[in-house]
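Chains A and B, in that order, are what the protein sequence lines are.
Under full-length UniProt numbering, think of the first position of the first sequence as 1, with each following residue one higher.
Under full-length UniProt numbering, think of the first position of the second sequence as 1, with each following residue one higher.
As structure tokens, the structure follows; a few thoughts come after it.
Protein chains: 2
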Amino acid sequence: MTNVIDESGILAISTRLQRLADALRKEGQLIYQSFGLDFEPKWFPVVYTLHLKSSLSVVEIANEIGYAHPSTISLLKELEKQQLIRSKKDKTDERKRLIVLTEKGKTLVNAMQPVWENMQRALSEIADNKHNLMKAIEEAEAKLKVSGFFERSQKIRQSGNL
Amino acid sequence: MTNVIDESGILAISTRLQRLADALRKEGQLIYQSFGLDFEPKWFPVVYTLHLKSSLSVVEIANEIGYAHPSTISLLKELEKQQLIRSKKDKTDERKRLIVLTEKGKTLVNAMQPVWENMQRALSEIADNKHNLMKAIEEAEAKLKVSGFFERSQKIRQSGNL
DNA sequence: TCCATATATGTAGTTAACTACGTAGTTTTA
DNA sequence: TAAAACTACGTAGTTAACTACATATATGGA
Numbered sequence: 001m002t003n004v005i006d007e008s009g010i011l012a013i014s015t016r017l018q019r020l021a022d023a024l025r026k027e028g029q030l031i032y033q034s035f036g037l038d039f040e041p042k043w044f045p046v047v048y049t050l051h052l053k054s055s056l057s058v059v060e061i062a063n064e065i066g067y068a069h070p071s072t073i074s075l076l077k078e079l080e081k082q083q084l085i086r087s088k089k090d091k092t093d094e095r096k097r098l099i100v101l102t103e104k105g106k107t108l109v110n111a112m113q114p115v116w117e118n119m120q121r122a123l124s125e126i127a128d129n130k131h132n133l134m135k136a137i138e139e140a141e142a143k144l145k146v147s148g149f150f151e152r153s154q155k156i157r158q159s160g161n162l
Numbered sequence: 001m002t003n004v005i006d007e008s009g010i011l012a013i014s015t016r017l018q019r020l021a022d023a024l025r026k027e028g029q030l031i032y033q034s035f036g037l038d039f040e041p042k043w044f045p046v047v048y049t050l051h052l053k054s055s056l057s058v059v060e061i062a063n064e065i066g067y068a069h070p071s072t073i074s075l076l077k078e079l080e081k082q083q084l085i086r087s088k089k090d091k092t093d094e095r096k097r098l099i100v101l102t103e104k105g106k107t108l109v110n111a112m113q114p115v116w117e118n119m120q121r122a123l124s125e126i127a128d129n130k131h132n133l134m135k136a137i138e139e140a141e142a143k144l145k146v147s148g149f150f151e152r153s154q155k156i157r158q159s160g161n162l
């Protein structure tokens, strides 16, 4: 199991992140199935957000979950098809569509609580190590927010040595 | 900048990983451009592997970089178009195509050394924190190799409480 | 008050990975 | 030694995110 990429260090980091994200998403799908639930991991951010905030516009949801708005729209379409959400025009601003969970959606969220608890434990086993993965992600995101990868590269370059 | 997903904990981890991978890949593209190099981050795993191993078949490359072979084939097509690699039939096994870097490819690899060094430093600034991102990824991957997310979920479920 | 600018939503097309399946050589085994 | 099983490569179609652009409504300033 020699693997050049695992040894090429940090340069292949985006490859490694993507691989890991893919694997977890796919296995997440199997877990929902095994509990007999008709739910997909990619829906989690939207549904969880609406569970907490109850009524939000498309762009507000996009901001909450950190996605571009067209991605959010396509998730909302799927959830509408599943009858887990519905939407109505905002009366005070005709441009906005306010999204809410349906009764079916709320029921499903309740049914998913033990599954989420189960997943959380399994994920903790995987991610809680000497270097905690969630904390590492949070710290890296915080750094990027202060100054991006490109900006840091430019600064290093201008500093002379590279 | 309230963000439900950042606070929803580990359940949205695959979303977070993907976001981070995307951001780093895109900024990586800008960095190559800023150095005047016609190179894309997604090509790195293949090119770096061929730089170290010089002649490999399609499936061997796929295994080295941890991708499915069709993904590798489409990367190889792009690299062939860029004239960075070429291939010839293996004489002892007619099924195999042996891939090598061209002279242009080798020259580019040399030209990229300082850029890779620069990127490595910038990435270290981002990822070397209290919880080191690369190490966290490695640890999580090791755990998954022992027993996957699904398998762990099943075991927790069977243990009774969930 | 009306025009310019900004915001909210939507559509179309792209990207970078994947799985499923097909074909052609190679190896094993009955 | 011929059939079965395996391996290598390739194609087609899918997925889950993205950017760029279009349209409709709202708002602020001259």
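Virtual Cβ for every residue (Gly too), placed ideally from N, Cα, C.
Per DSSP, reduced to three states, the secondary structure at Leu-123 of chain A is helical. Counting along the chain, no beta strand (DSSP E) covers Lys-81 of chain A; the unbroken alpha helix (DSSP H) around it starts and ends at 69-81. Look at Gly-105 of chain A: its C-beta is not under 7 Å from any C-beta on chain B. In the DSSP assignment, Lys-145 of chain B falls within the alpha helix (DSSP H) that extends over 133-146. The beta carbon of His-69 of chain A sits closer than 8 Å to those of Val-58, Val-59 and Ala-62, all from its chain and outside the five residues before and after it, given in chain order. Per DSSP, Arg-95 of chain B is not a residue of any beta strand (DSSP E), being assigned neither H nor E. A check of alpha carbon separations from Leu-24 of chain A across B:Ala-23, B:Gln-154, B:Phe-150 and B:Ser-159 identifies B:Phe-150 as the nearest. Listed in chain order, the positions of the region 36-48 of chain A with a beta carbon within less than 9 Å of a beta carbon of chain B are Pro-41, Lys-42, Phe-44, Pro-45 and Tyr-48.
CA-CA distance, Arg-121 of chain B to Leu-76 of chain B, rounds to 28 Å.
Rounded to the nearest whole angstrom, the CA to CA distance from Val-100 of chain B to Ser-55 of chain B is 5 Å.
Neighbours of Ser-153 of chain A across chain B, judged by C-beta separation under 7 Å: Ile-31, Asn-118, Met-119 and Ala-122. Excluding residues up to 5 positions away in sequence, His-51 lie with their Cβ nearer than 6 Å to the Cβ of Val-109 of chain A in the same chain. With respect to the C-alpha of Met-119 of chain B, the residue from A:Leu-20, A:Asp-22, A:Gln-154 and A:Leu-98 having the closest C-alpha is A:Gln-154.
Cβ contact annotation for Thr-102 of chain A (same chain, cutoff 8 Å, sequence separation greater than five): Gln-83, Leu-84, Ile-85 and Arg-86, in chain order.
The residue among A:Phe-35, A:Thr-107 and A:Leu-144 with its C-alpha nearest the C-alpha of Lys-26 of chain B is A:Leu-144. If you check the CB distance, Arg-16 of chain B and Ile-10 of chain A do not come in under 7 Å.
Within the DSSP secondary-structure output, Ile-61 of chain B pairs in no beta bridge. By DSSP's assignment, Ile-85 of chain A forms a beta bridge with A:Leu-101.
Taking C-beta atoms as the reference points, Leu-98 of chain B and Lys-88 of chain B count as a pair closer than 7 Å. Of all C-beta pairs linking the region 125-133 of chain B to the region 124-143 of chain A, three or more are shorter than 8 Å, placing the two stretches in contact.
Listed by position along chain B, the residues whose Cβ is nearer than 9 Å to that of Ala-127 of chain A are Ile-10, Ile-13, Ala-136, Glu-139, Ala-140 and Lys-143. According to DSSP, residue pairing for Leu-56 of chain B in a beta bridge involves B:Ile-99. With a threshold of 16 other beta carbon atoms within 10 Å, Thr-49 of chain A meets it and is buried. Taking the Cα of Gly-105 of chain A as reference, the smallest distance to any Cα among A:Ile-31, A:Ala-21, A:Asp-38 and A:Arg-19 is reached at A:Asp-38. Scanning chain A for C-beta atoms nearer than 9 Å to the C-beta of Glu-94 of chain B yields nothing, as the closest lies near 26 Å away. Rounded to whole angstroms, the separation of the alpha carbons of Glu-40 of chain A and Tyr-32 of chain A is 7 Å. For Asn-110 of chain A, no CB of chain B lies under 7 Å from its own CB, so it is not counted at the interface with that chain.
At a cut-off of 7 Å between beta-carbon atoms, Ala-21 of chain A makes contact with chain B. At a C-beta separation below 9 Å, Ser-34 of chain A has these neighbours in chain B: Phe-150, Ser-153, Gln-154 and Arg-157. In the structure shown, the three-state DSSP call for Asp-90 of chain A is coil.
Sorting B:Gly-36, B:Ile-13 and B:Ile-126 by C-alpha distance to the C-alpha of Pro-114 of chain B places B:Gly-36 at the top. At a C-beta separation below 8 Å, Lys-130 of chain A has these neighbours in chain B: Lys-135 and Glu-139.
In this structure, the alpha-carbon of Ile-156 of chain A lies about 11 Å from that of Leu-123 of chain B. Put simply, the CB of Arg-25 of chain A is near chain B, with a gap under 7 Å to one of its CB atoms.
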